[in-house]
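According to mature numbering (1 follows the signal peptide of the UniProt record, and there is no 0), the sequence shown holds residues -18 to -1, 1 to 554 in order.
Ideal placement from N, C-alpha and C gives every residue a C-beta, glycine not left out.
Source: prediction; values computed, not measured.
Data block below; observations after.
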Amino acid sequence: MWLRLFALLFLAAVAVEGQVKWWESATLYQVYPRSLKDTNGDGVGDIRGIIQVIPHLVEAGIDTVWLSPIYKSPMKDFGYDISDFYSVDPIFGTWDDFLALVRFLRDAGLRLVMDMVPNHTSDEHDWFLRSVNREDPFTDYYIWKDSLGVDANGTQIPPNNWLSAFAGSAWQWNEQRQQFYLHQFTAGQPDLDYRNPLVLQEMKNVLRFWLDNGVDGFRIDAPPHIIEHADFADEPPTNDPECPEQQFCQLQHIYTMNQPETLDVLREFRKTIDEYQIETGRVIVLMSEPSNLHNFTMSYYGTEADPIMDFPFNFNFIYDLPAETLAIDIQNAIEKWILDMPAGKTPNWVTGNHDQKRTRARQGAEFAIALNMINLLLPGVSVTYYGEEINMDNTFITWEQTQDPQGCNAGPDNYFLYSRDPERTPFQWNDQLNAGFTSGVSTWLPVNENYLELNLEAQRAEVRSEFKIYQALTEARKTAPAIILGNLNYVIVEEYVFAFTREITGAADNYLVVINSGYADARVNIRAALPQLPEIGFAYVTSLDSLITANDPVVLSDCQIVARGGLVILWK
């Protein structure tokens, strides 16, 4: 038997009443607003739709809503191209709708975190239009560079070889200004110049505006791209033979990502949040998308003496678990975060988001449920992408149906490799037309054909379902002392069997989570790996394929776990 045992004391040092901040054990739920619920029949989700489904969020055990962008936008990148940071896009509703959302969430005991997109604006933003005209103080709000000349075809030559994350040159010629502007994403998303202090102050003003209107925090989008190297030198090639022409993967992004000055900008955001907390007495969370480099991601935390982000998102469960996951892969994904994280900081766990294939699409239906068990019962912050509570799957999208600019830019032969549309389709509420998402005849992206069987209404009616499992896990997060404050012990039981406990002295129940990542059923002696366990435990939640059901006794020296499944067991 392959055994290793580790222990982590978590939150014990900060468990004194009044010292634990609300976000340190939050259950975040990412709402992609176009896809949660439509109330006006146009096939696009809206703010009133979010308000309408607050009872579901409460029933699911969510305590914090993280809202993807709802700002005014031409929607070239579906809200991440912002034309006005101070208003709501009409496709989602009105300003009064937003204020109602804040009020209804608060009345239901939920908090609201907004996506903040500091790297760029829309090319329709007033700042950009004035910058094109060289109107001060906006002249240098964006990154403008002169042409290197004209090629044989009469085309302006860009300043260097930098590529957009969405393919093609990162430079766009502006005929009126007679210069190129940098866009690390679409040409409709010009990069702001954070070496200009006026730009930094503008974004700090935006943060304060939304805080004044009831927001409880922010998730900073795309921080690795905020600052570029001042020399604007060519980036070296990756020489990757599998990377298509003009795709982002053709270059090593040593000048366009992860620059040291990025941390200076993030510190300024931190300073604004801290000042606001002192002024108002409110507790605000500041979190961010991670870097593509693990060590740089960890630097986003800062230190106890010099804090930056409360936490950057942890994508280890997305990137580090292969299709044939071993127990050591799960252990490494956990340890890579909790052991590298700076002292005194809070971990977080993410299994999916709007830029990644859904967990079910990556790992299969059963293992997606098992990953929810891990995600929700580890210490720290848990993040759920909308639909994961019912185990939604990716949806097949044809080239003709493709909306995502990243997919569109890849062309009809490669769009499916890059498009993020499959994980953004409408929430499946019931088995009625369009899965109950809209009263209209069409939806902005097609509903998955499996909605007749896979929908919330059906799962709420079943004795055992993905949603019932999710509810039980969030209930433990909210009420079980062993989950809220308990120590974490974890162990590799066998090659494909990973287990961890959450335990605390004096608890009525401690928790044992056993995961079988293999494609065959497993029968193991958990007590040999975790000798503090009793002979008998009692099932709390189990995988849907398991013959063991809730409250059944489980012999821990002879424990059976279905393939790709999990067990959560109570013990005293």
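For residue i, the three-state DSSP class (helix, strand or coil)
| i | result |
| --- | --- |
| Y301 | helix |
| T366 | strand |
| F378 | coil |
| W331 | strand |
| T341 | helix |
| A521 | strand |
| residue 613 | In the structure displayed, the chain extends from -18 to 554; residue 613 sits before or after that span and is not available. |
| L81 | helix |
| L399 | helix |
| M239 | coil |
| T487 | coil |
| L275 | coil |
| L18 | coil |
Alpha-carbon spacing of residue i relative to residue j, whole angstroms
| i | j | result |
| --- | --- | --- |
| M280 | A325 | 11 Å |
| Q234 | D216 | 10 Å |
| N533 | I372 | 22 Å |
| E261 | F349 | 46 Å |
| G334 | V479 | 23 Å |
| D540 | I518 | 10 Å |
| L399 | G389 | 7 Å |
| N142 | F214 | 7 Å |
| W144 | K58 | 21 Å |
| M323 | T425 | 42 Å |
| residue 580 | Y62 | The structure shown does not extend to residue 580, since the chain is modelled only from -18 through 554, so no value can be given for it. |
| I33 | L87 | 8 Å |
| V536 | Y522 | 10 Å |
| C231 | Y237 | 14 Å |
| A204 | I44 | 25 Å |
| Y423 | T377 | The sequence shown places Val at residue 423, rather than the Tyr named in the question. Those two C-alpha atoms are separated by around 19 Å. |
| Q345 | L111 | 45 Å |
| D28 | F520 | 43 Å |
| A490 | G196 | 38 Å |
| S104 | A169 | 9 Å |
| T328 | E6 | 6 Å |
| A212 | D128 | 14 Å |
| E448 | D24 | 30 Å |
Neighbour flag for residue i against chain D, beta carbons, 8 Å
| i | result |
| --- | --- |
| M98 | Looking at the structure shown, chain D is missing, and only one protein chain is on hand. |
Residue(s) in a DSSP beta bridge with residue i
| i | result |
| --- | --- |
| D173 | H102 |
| K127 | F162 |
| Y11 | V47, T366 |
| Q154 | Y163 |
| W411 | Answer by DSSP bridge pairing: none, since W411 is not bridged. |
| Y496 | The sequence as given places Val at residue 496; Tyr does not occur at that position. V496 is bridged to A481, L549. |
| F148 | Per DSSP, none; premise fails for F148. |
N- and C-terminal bounds of the beta strand (DSSP E) containing residue i
| i | result |
| --- | --- |
| E476 | 469 to 476 |
| Y68 | 66 to 70 |
| G31 | Unbroken run through G31 is the alpha helix (DSSP H), 29 to 34; no beta strand (DSSP E). |
| G199 | 199 to 202 |
| S270 | 267 to 270 |
| I543 | 541 to 543 |
Start and end residues, alpha helix (DSSP H) containing residue i
| i | result |
| --- | --- |
| N195 | Note, N195: premise wrong, no alpha helix (DSSP H); not H, not E. |
| D108 | 108 to 114 |
| N354 | 347 to 359 |
| W4 | Segment: none, W4 is in no alpha helix (DSSP H) and carries neither H nor E. |
| Y452 | 448 to 461 |
| C390 | 387 to 390 |
Outcome for residue i when other beta-carbon atoms lying within 10 angstroms are tallied against a minimum of 16
| i | result |
| --- | --- |
| R264 | exposed |
| T380 | exposed |
| E210 | buried |
| V70 | buried |
| A287 | exposed |
| E485 | buried |
| L494 | buried |
Near the ligand SAH: residue i beta-carbon under 7 Å from a heavy atom
| i | result |
| --- | --- |
| S273 | This structure lacks the ligand SAH, and indeed carries no ligand of any kind. |
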